[in-house]
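Those protein sequence lines, which keep their order, are chains A and B.
Residue numbers are given in this note's numbering: position 322 of the first sequence equals residue 322, and the series is strictly consecutive.
Heads up: take any position in the second sequence, counting from 1, add 1000, and you land on this note's numbering.
For each residue, glycine too, the CB sits at the ideal point set by N, CA and C.
The structure appears right after this line, and notes come after that.
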Amino acid sequence: MEILLLLILLPPLAGAALNGIFGRRLSQAVVSLIGCGAAGLAMASALAMAWMYSRSPEEPAPFIPSYFTWVEAGAFRADFALYYDRLTLVMTLTVTVVAFLIHLYSRGYMEHEGGYYRYFCFLNLFLFMMLTLVTAANYLLMFVGWEGVGLCSYLLIGFYFRRRSAAEAGKKAFVVTRIGDAGFTLGVALLFWTFGSVDFQYVFTRIDDFTPGYMQGTLAAAGLLLFLGAVGKSAQLPLYVWLPDAMEGPTPVSALIHAATMVTAGVYLVARSHVLYAHAPIALTVVGTVGVLTAFFAATIALTQNDLKRLLAYSTISQLGYMFVGCGAGVFAAGIFHLVTHAFFKSLLFLAAGSVMHALGGELDLRKMGGLRHRMKTTWATFLVATLAISGVPFLSGFFSKDEILVAAYEGPLGHRGVFWLAVTTAGLTAFYMFRGLFMTFHGPSRVDPAVDRHVHESGAKMTRPLIVLAFFSVVAGYLSWPQAWGGAQRFDHYLDPVFGRSMALLTAENLRPVAHGWGHWALMGLSLTAAATGILMACWFYLRTPEIPGQIAARFDGLYQLLVRKYYVDEIYDWLFVNPIKRLSDAFLWRAADTSAIDGVMVDGSANATLGVGRVLRRMQSGNLRSYATWVLLGAVLWLGYALWR
Amino acid sequence: MPLTHILALSVILFGLGAAGFIIRRNIITIFMCIELMLNAVNLAFIGFSRYLGNLDGQIYVFFVIVVAAAEAAVGLAIIIAIQRNRETLTIDEIDSMKM
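What follows is the structure, given as structure tokens:
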């Protein structure tokens, strides 16, 4: 099993190395074979590993092979060790399956783009880093993956680096997530300082032995610092600003970032550190609050976005908020479940949007789409499935996971009525803006540019087949956890019980809350259904029946509309508050004063000038005149002798 | 004969050599001044050797004579080369490595 676990990680790394080094000289067919093959092998290993682990007698105890000592300095020691339990199993399967499908889709999507080999190299590296992140057995190794996905996101968002906006978006993603990474680093340092180790097993066992409330301050601080890292990576308030700009990358990359890799890292981090949070409920409350505020905030922005991919980006931020609501309520399994289902339908949405983009020659403006339903049947059907799923329509995956999160927010150990109602409202908003996107893209009269209109066509099988597979998963992934109210067993949640059970029990013991039974669950479900139905019907009414209404409303509430279209002016505020002062500081102080004057002027040029000056003086001594040399020698000898005698 | 006499002669000879080295312009004269200084040192060696009843000083003198012979050979060769190339032996005019 040790080797097999390693085999999940190695193929993407090997693929990235092969394509990175030799890719330039290989044909597209070979490059895509290496890239997709590596992702496929990783998926096969992940499946085999899941099967082996499930059959092993130790299961569900975590399997922690240590391969070699990686860092050893004084009391600090970190092994290259991997951690495999049921949570890792779920994560590796989700990541590899979705990533593999995106790799396959990319073959078609990137066919006519430059830098084919570069693309697949980065894609594989991205997958490798994410898998390192989810399989690491200590915070330090996790940090490698954590930074690795940051790097790869930078490379891939800025893939079209000749376009200035893409390069800037890549930079923004890197810098903004770096703020969170600082929190992560500090959190890990605090844990090391407290426990003398960064090993999951060791740290969590130690915390587990604490009586509840012991060292709560330290643990809460560590939890909050780690959550700051998660906020950066998972694009939560206030560090979400990089994600919408990340749309500058190729669309499959957006799918990868939003579904399988990168943004889910934060949720995974919180879930993995569940023991820590269970002993610091204050931190967990912050997690849930930030989550629900982000969910609502991003959903309101998504209402007015006219760029299809940006709409999806804000929806991702909103859905990630949901996951944190689940975790924050103390029901980590619900958050992870939503992560899994979301991975499928969000990657599907992005890939379908990519297919639309492909057909329209790169057009993303919803106002220049419409009526594509008949000409892109597969794309339309799959997009519809994903939209239904994310809106929370029954019998599709999103319904089940979202329902679990709402139940968690209502009756979870750290649930809260306010969080619950905001989450329900967000569900309604989600349904509305997703259907708005669907209707404006595929339904109604065509608003496509006539020049482009003639070329509209369904994408090739290379692209549509992954869509169909993902649509299948988007439907059935929810059946993993048939809700209790429907006589189900919530199999998925109970599957993760060995992982989260103790933390859940601890939190529940600390914070007893009334639990809804029987009809209560139906009522909660009814509420979420009502919200979703309202959203969908409103979207139908606004964008199918009477398309003039949205314009009228926008004109009526112009202030509010502008506020939403401008995304609450957050980018502008950040520019004013942080970016411009830093720019000015850099320009006036760091560049002109520190670099040009101090470093360049005094140190670099200064040392050269000093040498030159001294040389200019000393040069006089070397006249070439033998007799003056002799005089110097004599003078030196006399002085030396005089000194020796005088002494 | 007391040591002081010998040393005094040695100092006078060395002083003459050093002064000549600095004052004179002709390379051959300078060269002879070097020889004078060497032999002043030799004389001091011999004097100390005799005063201390120790042969070490005399052995050093042999070394100095041998080295001085080699030096004379090389030095004169250089002087001839300079004379051929520059057609002058005035030390003040020979102040650069370049021709």
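| Beta-carbon gap between lysine 172 (chain A) and serine 254 (chain A) smaller than 8 Å | No.
| Closest residue to glycine 460 (chain A) among A:Thr378, A:His416 and A:Ala531 (Cα-Cα distance) | Of the candidates A:Thr378, A:His416 and A:Ala531, the one whose C-alpha sits nearest the C-alpha of glycine 460 (chain A) is A:Thr378.
| field | Exposed unless 16 or more other CB atoms sit within 10 angstroms - verdict on valine 97 (chain A) | value | Taking every protein chain shown into account, the CB of valine 97 (chain A) has 16 or more other CB atoms within 10 angstroms, so this residue is buried.
| field | Interfacial residues, the region 604-634 of chain A to chain B, with Cβ spacing under 8 Å | value | Close to chain B, meaning a Cβ-Cβ distance shorter than 8 Å, are the following residues of the region 604-634 of chain A: Ser623, Gly624, Asn625, Leu626, Arg627, Ala630, Thr631 and Leu634.
| Thinking C-beta only, is leucine 438 (chain A) closer than 8 Å to leucine 384 (chain A)? | Yes, the Cβ-Cβ distance between leucine 384 (chain A) and leucine 438 (chain A) is below 8 Å.
| Within 8 Å, strictly: CB atoms of leucine 626 (chain A) and isoleucine 1091 (chain B) | Isoleucine 1091 (chain B) is positioned such that its CB atom lies closer than 8 Å to that of leucine 626 (chain A).
| request: Could you check how far apart the C-beta atoms of glycine 481 (chain A) and glutamate 404 (chain A) are, in whole angstroms? I think they sit under 8 Å. | output: Residue identity differs from the one stated: residue 481 (chain A) is serine in this sequence, not glycine. Contact holds; Cβ gap of about 7 Å.
| message | If I follow the unbroken alpha helix (DSSP H) through tyrosine 629 (chain A), where does it start and stop? | response | That run of the alpha helix (DSSP H) goes 626-646.
| said: Using 8 Å as the threshold, is the C-beta distance between valine 263 (chain A) and threonine 316 (chain A) below it? | reply: A Cβ-Cβ contact shorter than 8 Å links valine 263 (chain A) with threonine 316 (chain A).
| query | Which bits of chain A does phenylalanine 1021 (chain B) rub up against, with CB to CB less than 7 Å? | reply | The answer, in chain order, is Ala630.
| task | Consult DSSP for asparagine 1026 (chain B) and reduce its assignment to one of helix, strand or coil. | result | Note: asparagine 1026 (chain B) maps to strand in three-state DSSP.
| task | Would you list the one or two residues that DSSP bridges to asparagine 138 (chain A)? | result | Beta-bridge annotation (DSSP): asparagine 138 (chain A) is paired with A:Asp199.
| query | Would you call tryptophan 51 (chain A) buried or exposed, if buried means 16 or more other Cβ atoms sit within 10 Å of its Cβ? | reply | That one is exposed.
| request: Would you list the residues sitting across from serine 66 (chain A) in a DSSP beta bridge? | output: DSSP lists A:Ala81 as the bridge partner or partners of serine 66 (chain A).
| Straight-line gap, histidine 358 (chain A) to tyrosine 105 (chain A) (C-alpha atoms, nearest Å) | Histidine 358 (chain A) and tyrosine 105 (chain A): Cα-Cα distance of roughly 12 Å.
| said: Can you look up phenylalanine 557 (chain A) in the DSSP assignment and give me helix, strand or coil? | reply: Looking at phenylalanine 557 (chain A) - three-state DSSP - the assignment turns out to be coil, as it is neither helix nor strand.
| task | Say whether the region 68-81 of chain A touches the region 225-241 of chain A, bearing in mind that this needs 3 or more beta-carbon pairs closer than 8 Å, one atom from each stretch. | result | Short answer: they don't touch.
| Does isoleucine 1079 (chain B) come within less than 8 Å of chain A when only Cβ atoms are used? | When Cβ-Cβ separations below 8 Å define contact, isoleucine 1079 (chain B) makes no contact with chain A.
| message | Please identify the residue among A:Arg417, A:Ile34, A:Arg375 and A:Leu141 whose C-alpha is closest to the C-alpha of alanine 17 (chain A). | response | For alanine 17 (chain A), the nearest C-alpha among the options comes from A:Ile34.
| field | Rounded straight-line distance, which links the Cα of phenylalanine 227 (chain A) to that of serine 56 (chain A) | value | Near 34 Å, if we compare the C-alpha coordinates of phenylalanine 227 (chain A) and serine 56 (chain A).
| query | Which residues in the same chain have their Cβ closer than 7 Å to the Cβ of valine 570 (chain A), if we skip the five residues on either side of it in sequence? | reply | Within the same chain, valine 570 (chain A) has close Cβ partners Val241.
| message | Excluding the 5 residues flanking glutamine 28 (chain A) on each side, which residues of the same chain have their C-beta closer than 6 Å to its C-beta? | response | Here the set comprises Tyr116.
| query | Hey, serine 165 (chain A) and glutamate 72 (chain A): beta-carbon distance below 8 Å or not? | reply | At a Cβ-Cβ threshold of 8 Å, serine 165 (chain A) and glutamate 72 (chain A) do not count as neighbours.
| Below 8 Å, can you find three or more Cβ-Cβ pairs linking the region 200-213 of chain A to the region 286-296 of chain A? | No: fewer than three Cβ pairs fall under 8 Å.
| Does DSSP classify phenylalanine 76 (chain A) as helix, strand or coil? | In the structure shown, phenylalanine 76 (chain A) sits in a strand (DSSP, three-state: E or B).
| query | What residue from B:Leu1038, B:Met1097, B:Glu1087 and B:Arg1050 has the CA that sits closest to phenylalanine 1063 (chain B)'s CA? | reply | Ranking B:Leu1038, B:Met1097, B:Glu1087 and B:Arg1050 by Cα distance to phenylalanine 1063 (chain B) puts B:Leu1038 first.
| task | Establish whether the CB of serine 1010 (chain B) and some CB of chain A are separated by less than 8 Å. | result | Using a Cβ-Cβ cut-off of 8 Å, serine 1010 (chain B) does not count as an interface residue toward chain A, since no Cβ of chain A sits closer than that to its own.
| query | Is DSSP giving valine 456 (chain A) helix, strand or coil here? | reply | Residue state, collapsed to three classes: coil.
| query | Given that a residue counts as buried once 16 or more other Cβ atoms are within 10 Å of its Cβ, and exposed if not, what is phenylalanine 648 (chain A)? | reply | With chain A covering only 1 through 647, there is no way to say anything about residue 648 (chain A).
| Neighbour-count burial assignment, glutamine 552 (chain A), 16 or more Cβ in a 10 Å radius | Flag for glutamine 552 (chain A) reads exposed.
| First through last residue of the alpha helix (DSSP H) which encompasses serine 401 (chain A) | That run of the alpha helix (DSSP H) goes 397-411.
| request: Tell whether a beta-carbon distance below 8 Å holds between phenylalanine 442 (chain A) and arginine 545 (chain A). | output: For phenylalanine 442 (chain A) and arginine 545 (chain A), no; Cβs fall outside 8 Å.
| Distance between beta carbons of leucine 467 (chain A) and threonine 382 (chain A), contact taken as under 8 Å | With a Cβ gap of about 4 Å, threonine 382 (chain A) and leucine 467 (chain A) count as contacting.
| said: Contact criterion: CB-CB distance below 8 Å. Does alanine 1018 (chain B) meet it with respect to chain A? | reply: Alanine 1018 (chain B) has a beta carbon lying within less than 8 Å of a beta carbon in chain A.
| If you follow the alpha helix (DSSP H) that phenylalanine 344 (chain A) is part of, which residue opens it and which one closes it? | Element bounds for phenylalanine 344 (chain A): 332-359.
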